[in-house]
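Report on one structure; see the data block that follows.
2 protein chains.
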Amino acid sequence: MPSDRRGLAPRKQPRQIRAELTRERILDAAAHVFGEYGYAAGTTNRIAERARVSIGSLYQYYPNKDAILVELVTRHLDSGGAAVARSQAQELPDTLEGVLRLFVRTAIDNHLDDPRLLRVMAEQAPRSAELLAKVEAHETERFAYIEELLAKHPEVRVTDTYTATRLLVTTVELVVHKVIAAPDPIDVRRFEDELVAMLHRYLTGPSETVGPRTA
Amino acid sequence: MPSDRRGLAPRKQPRQIRAELTRERILDAAAHVFGEYGYAAGTTNRIAERARVSIGSLYQYYPNKDAILVELVTRHLDSGGAAVARSQAQELPDTLEGVLRLFVRTAIDNHLDDPRLLRVMAEQAPRSAELLAKVEAHETERFAYIEELLAKHPEVRVTDTYTATRLLVTTVELVVHKVIAAPDPIDVRRFEDELVAMLHRYLTGPSETVGPRTA
DNA sequence: GTCTATACGGAGATAGAC
DNA sequence: GTCTATCTCCGTATAGAC
Numbered sequence: 001m002p003s004d005r006r007g008l009a010p011r012k013q014p015r016q017i018r019a020e021l022t023r024e025r026i027l028d029a030a031a032h033v034f035g036e037y038g039y040a041a042g043t044t045n046r047i048a049e050r051a052r053v054s055i056g057s058l059y060q061y062y063p064n065k066d067a068i069l070v071e072l073v074t075r076h077l078d079s080g081g082a083a084v085a086r087s088q089a090q091e092l093p094d095t096l097e098g099v100l101r102l103f104v105r106t107a108i109d110n111h112l113d114d115p116r117l118l119r120v121m122a123e124q125a126p127r128s129a130e131l132l133a134k135v136e137a138h139e140t141e142r143f144a145y146i147e148e149l150l151a152k153h154p155e156v157r158v159t160d161t162y163t164a165t166r167l168l169v170t171t172v173e174l175v176v177h178k179v180i181a182a183p184d185p186i187d188v189r190r191f192e193d194e195l196v197a198m199l200h201r202y203l204t205g206p207s208e209t210v211g212p213r214t215a
Numbered sequence: 001m002p003s004d005r006r007g008l009a010p011r012k013q014p015r016q017i018r019a020e021l022t023r024e025r026i027l028d029a030a031a032h033v034f035g036e037y038g039y040a041a042g043t044t045n046r047i048a049e050r051a052r053v054s055i056g057s058l059y060q061y062y063p064n065k066d067a068i069l070v071e072l073v074t075r076h077l078d079s080g081g082a083a084v085a086r087s088q089a090q091e092l093p094d095t096l097e098g099v100l101r102l103f104v105r106t107a108i109d110n111h112l113d114d115p116r117l118l119r120v121m122a123e124q125a126p127r128s129a130e131l132l133a134k135v136e137a138h139e140t141e142r143f144a145y146i147e148e149l150l151a152k153h154p155e156v157r158v159t160d161t162y163t164a165t166r167l168l169v170t171t172v173e174l175v176v177h178k179v180i181a182a183p184d185p186i187d188v189r190r191f192e193d194e195l196v197a198m199l200h201r202y203l204t205g206p207s208e209t210v211g212p213r214t215a
């Protein structure tokens, strides 16, 4: 225990920083425990143990187990947003296909680090209203971003851009989740190729009737 | 696992029949309770109550809660298989697009009856080894069926049919689940149109435009 | 074979000492 | 502000009467 600082001028408010670190530690521990045991068996006791914090302390930082998971999901969503921002900072590829590939790959990379945790968050998490709202907000943001992106490319021939955007983003999200979370190590890059091809042909394909093209 | 006594007893056994009915009743009750409360809050007590059976009796028919869900999923998968068989019995559409539409629509129809239960089964169910095995078996079957189907259509220009089939089936399954399970009643038919278009263009699109992943 | 009553156990959450 | 100890709650599963 540090010495009693009563009456001394606060130096740098180490408490706040320490507290923040503890929150982080708990969150990291939760990520690990949820990933290893799943949500139901990922008990707060285990989380506290792994974070090297007593169960009592844990409840000082988070009101309940669910709140931990919500923060975990939030953190994940933010990390995804940050990744997108990073790509935006650099110059985007010229071709539509390049843009699609970047989009898909970013999604993949953002999930590769912890597939098991992904499963918990994407599939096992109890869907509280708060969580749903957060996820939906991020989704809306993504929709807008992608729709705008597609608008810049004249090759896009699809008419119902509203539905198309939703289908595209949804497909990428779901398929990427599935492939990453799959128990067997599928050939991810091959999947990536096909997924990009599918999206690209969808967007640039003939809008209604299909005429076979001669090579 | 129920004991299969077929062929052993030539005499009528009304008990067996009654027992089978009770199993059914419990299963129906479970479907309702899981759909309404989710898996975790869908307790065996509630299930027993709704099935008008005591909790003790319930455990005479099923060893534990998980077994009930497994049987529920099995039943759902079988119903899907039956639907496919039905389409197979009739003549398939001539065009590839028609076939794809039938495939997508069958998937949708097979899920429309109880979206909330679908959510539980697809998302919340604890994935026991047994359950995973069952699901995977069905999936493999579907893969084979679709791959064969695609082989019959010369319009299909995609080269890596193995990966393509998996992408296609996976996409349909996931997107359909998502759309059906979505809280707001999305315009399902519009989504169907776009999904079919995407798959169709993917399969018939130029295969050589997509080079290997760009650096 | 179906019920009632209950045990068993585990998880979330809290109280109070330090 | 962190710990230990504990309490409550509740769901699963069982025992035993009828």
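Here the protein sequences line up with chains Y and Z, keeping their order. Each step along the first sequence adds one to the number in full-length UniProt numbering, with nothing skipped, and position 206 is 206. Each step along the second sequence adds one to the number in full-length UniProt numbering, with nothing skipped, and position 153 is 153. Beta carbons: idealized from backbone N, C-alpha and C, even for Gly.
- As the crow flies, the alpha-carbon of Z/Gln88 is around 31 Å from that of Y/His177.
- Separation of Y/Leu195 and Z/Glu136 (C-alpha to C-alpha, rounded to the nearest whole angstrom) is 21 Å.
- Take Y/Pro93, set aside five residues on each side of it, and the residues of its chain with a beta-carbon closer than 7 Å to its own are Val99, Leu102, in chain order.
- With respect to Y/Val33, Y/Arg46 sits close: the two C-beta atoms are nearer than 8 Å.
- At a cut-off of 8 Å between beta-carbon atoms, Y/Val120 makes no contact with chain Z.
- Secondary structure within the stretch 111–183 of chain Y: not one fully enclosed beta strand (DSSP E) run of 3 or more consecutive residues is present.
- Straight-line spacing of the CA atoms in Y/Asp184 and Y/Glu36 works out to 17 Å.
- Chain-ordered listing is empty here: chain Z has no CB closer than 9 Å to the CB of Y/Gln16, the nearest sitting near 36 Å.
- Under the 8 Å criterion on CB atoms, Z/Leu72 is classed as non-interfacial with respect to chain Y.
- Nearest neighbour of Z/Gly38 by Cα position, chosen from Z/Val172, Z/Phe143, Z/Arg119, turns out to be Z/Arg119.
- Among the residues facing chain Z, Y/Phe191 is included, as its CB has a counterpart in that chain under 8 Å away.
- Runs of the alpha helix (DSSP H) lying entirely within the UniProt domain "HTH tetR-type" (20–80) of chain Z, each at least 4 residues long, are 44–50, 55–61 in chain order.
- The C-beta distance from Y/Asp114 to Y/Ala31 rounds to 7 Å, short enough to fall under 8 Å.
- A distance of 8 Å or more separates the beta carbons of Z/Met121 and Z/His153.
- Per the coordinates, the alpha-carbon of Z/Ser79 lies some 37 Å from the alpha-carbon of Y/Leu72.
- A direct Cα-to-Cα measurement between Z/Arg157 and Z/Val84 gives close to 25 Å.
- Residues of the same chain with a CB within less than 7 Å of the CB of Y/Leu117, apart from the 5 flanking positions on each side, are Ala31, Phe34, Gly35 in chain order.
- About 7 Å separates the beta carbons of Y/Leu96 and Y/Thr204, which is inside the 8 Å limit, making them a contact pair.
- The contact set of Z/Asp94 on chain Y, defined by CB atoms closer than 8 Å, is empty, because the minimum CB distance reaches about 14 Å.
- Straight through space, the alpha carbons of Y/Thr140 and Z/Ala182 are spaced by roughly 15 Å.
- Taking the Cα positions, Z/Glu147 is about 40 Å away from Y/Gly42.
- Listed by position along chain Y, the residues whose Cβ is nearer than 7 Å to that of Z/Arg201 are Arg201, Tyr202, Gly205.
- Counting of Cβ neighbours within 10 angstroms places Z/Thr159 among the exposed residues, the total staying below 16.
- For the pair Y/Ala82 and Z/Tyr62, the Cα-to-Cα distance works out to about 48 Å.
- Chain-order list of chain Z residues neighbouring Y/Thr163: Arg190, Phe191, Glu194, by C-beta distance under 7 Å.
- Exposed is the label assigned to Z/Ala151, since fewer than 16 other Cβ atoms lie within 10 Å of its Cβ.
- The C-alpha of Z/Ser57 is placed about 59 Å away from the C-alpha of Y/Leu149.
- Neighbourhood of Y/Leu167 in chain Z, by CB distance below 8 Å: Val175, Phe191, Glu194, Leu195, Met198, in chain order.
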